[in-house]
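With UniProt numbering, the residue at position 357 of the sequence shown is 357, and numbering never jumps.
Backbone N, C-alpha and C fix where the C-beta goes; we use that ideal spot for every residue, glycine too.
All of these numbers come straight from a predicted model, not from anything done at the bench.
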Amino acid sequence: MSTPRATRGAGASRTAAGIRIAIRADASISIGSGHIMRCLALADGLRAEGAEPQFITRAHDGNLDALIEARGYRVHSLRGDVGVTRSEHVASGEPPHAVLLGCDWHRDLADTARVLESIGGVDWLVIDHYALDARWHEPVRKFADRLFVIDDLADRDHDADLLLDQNLVEHSQQRYHSRTGPGCERLLGARYALLRPEFAALRKRAKLHVIEGKPRLLVFFGGVDATDETGKFLDAWSGNEAARFVADVVIGARHPRRSLHEQCRRPGVTVHGYVPAMAELMAGADYAFGASGTSNWERFCLGVNAAVVSIAHNQTAIARYLGEQGWFDSLGDARDTTPETYRRALLTLDPASPAALARRERLMQAVDGLGVQRVVRRMLGKPEAL
């Protein structure tokens, strides 16, 4: 790993106005939407300080380019999947998730470099991609003064000036010691969770929330839900165990089953499509059924207890650890769940129990919703002061 270059004006406290920022991240059916959503939260925080971040994405099936553009950001779209197989990656010793890139890393580097060169380089390049490692980072420095890597896995080397891992994991302080160079500043833990500002804004209301009438459940398994956890949950929604609750079921825009809306026509169930104000819906929930990932920190911030499944292999270890530590009720891997999994969970669920109420407080103490502000201040060379 190379020694990071000095940034123009490094060491001075700066505003974001005039700072050029690009974000390299992807969404797809296999990747999901979490990387783009947290990068959008970061981009919004930078824009609030006067910056205008640009996104560099690859046009995978299930990309979120339209959403990014609707939020007011320029998107540089790279050509989509070009037919690289998992076996080729394994044979060549690539990172465990290299197949998610959709092409060879050399090609992605060349494509990204062309974009960066066309816009005159950047002060910060933010990289949120499990398929990219130090081999990609080092040469891209020709076009970026500083590199900011967002990661969750600690499964590959990084050549970065700043690294963020927002997870609550065992041995978090040690995970990146051998993965980053001596000049890399590491921001570790849920204190830095990248959430939209409405989550912090709703915390006061969430703290005063009390259960009135039937407990309200929020059911959302992400924008893709490839294993149809929503359908499994709805199959379990019958009998006395379900009659005790009402449920808001959010169906992601890329859910594979178009007929799912019909399945939602059940007593006590309100179905939602795309929900721009997810924080509002979450703040009114007494309990949630959902996926691990970025949604963990959203629920923590608003004190929403949850039953959680791992919908991707790379979520399994973190979800297992959080479940073992009592942060949520773990339902295991999505590939192993059935309607009976959810039926049993509903049968024993008591969102108003003393244990559940105590855990609400613990969740809210772990995530205060100010992570974006903290990260932006570090990028601008300002003291955290939050």
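First and last residue of the alpha helix (DSSP H) that includes residue i?
i: L281; result: 278 to 283
i: residue 390; result: Outside the displayed range of the chain (1 to 386) lies residue 390, so it cannot be described from this structure.
i: A193; result: Segment: none, A193 is in no alpha helix (DSSP H) and carries neither H nor E.
Can you tell me where the beta strand (DSSP E) with residue i in it begins and where it stops?
i: F245; result: That residue, F245, is in no beta strand (DSSP E); it is neither H nor E in DSSP.
i: A291; result: 287 to 291
i: A200; result: Segment 197 to 201 is the alpha helix (DSSP H) holding A200; no beta strand (DSSP E) there.
i: E185; result: 185 to 188
i: F148; result: 144 to 150
i: H261; result: Looking at the DSSP string, H261 is not in any beta strand (DSSP E); the run it does join, the alpha helix (DSSP H), is 260 to 263.
i: H125; result: Note that residue 125 is Leu in the sequence shown, not His. Here the beta strand (DSSP E) through L125 covers 122 to 128.
Please report the straight-line C-alpha distance between residue i and residue j, rounded to a whole angstrom.
i: V309; j: G183; result: 37 Å
i: R20; j: R38; result: 19 Å
i: F55; j: A110; result: 16 Å
i: F199; j: D368; result: 9 Å
i: G239; j: D286; result: 20 Å
i: W136; j: R156; result: 12 Å
i: S33; j: W297; result: 15 Å
i: G120; j: H171; result: 40 Å
i: L202; j: A144; result: 36 Å
i: G284; j: R146; result: 41 Å
i: S87; j: H97; result: Any reading at S87 must be qualified, since the residue scores a pLDDT of 49, below 50, and its modelled position is unreliable; the value itself is stated next. Each residue's alpha carbon lies about 12 Å from the other.
i: A317; j: A16; result: 36 Å
i: F300; j: A288; result: 11 Å
i: G181; j: Q325; result: 31 Å
i: R141; j: I211; result: 52 Å
i: E138; j: R79; result: 23 Å
i: P215; j: A154; result: 38 Å
i: G50; j: E117; result: 22 Å
i: R205; j: A193; result: 20 Å
i: I36; j: R196; result: 12 Å
i: I311; j: L260; result: 18 Å
i: T230; j: I251; result: 8 Å
i: residue 387; j: D228; result: Here the chain has residues from 1 to 386 only, and residue 387 is not among them.
i: T341; j: L46; result: 42 Å
i: E69; j: V75; result: 7 Å
i: D159; j: A43; result: 22 Å
i: S77; j: R58; result: 5 Å
Please state the DSSP three-state secondary structure of residue i.
i: H106; result: helix
i: D368; result: coil
i: R205; result: helix
i: V224; result: coil
i: V376; result: helix
i: L162; result: strand
i: R114; result: helix
i: L101; result: helix
i: T270; result: strand
i: R179; result: coil
i: residue 402; result: Given a span of 1 to 386 for the chain in the structure shown, any question on residue 402 remains unanswerable.
i: L234; result: helix
i: L218; result: strand
i: P383; result: coil
- Of all the beta strand (DSSP E) runs that stay within the bounds of the region 14 to 99, which reach a length of 3 or more residues? 21 to 25, 54 to 58, 74 to 78
- Which parts of the region 300 to 360 are runs of the beta strand (DSSP E), unbroken and 3 residues or longer, counting only runs that do not cross its ends? 306 to 310, 329 to 333
- Message: Quick check: the region 60 to 71 against the region 21 to 30, are at least 3 beta-carbon pairs closer than 8 Å?
- Response: yes
- Per the contact definition of three or more C-beta pairs closer than 8 Å, is the region 156 to 165 in contact with the region 337 to 352? no
- Message: For the pair the region 228 to 246 and the region 258 to 274, tell me if three or more CB-CB distances fall below 8 Å.
- Response: yes
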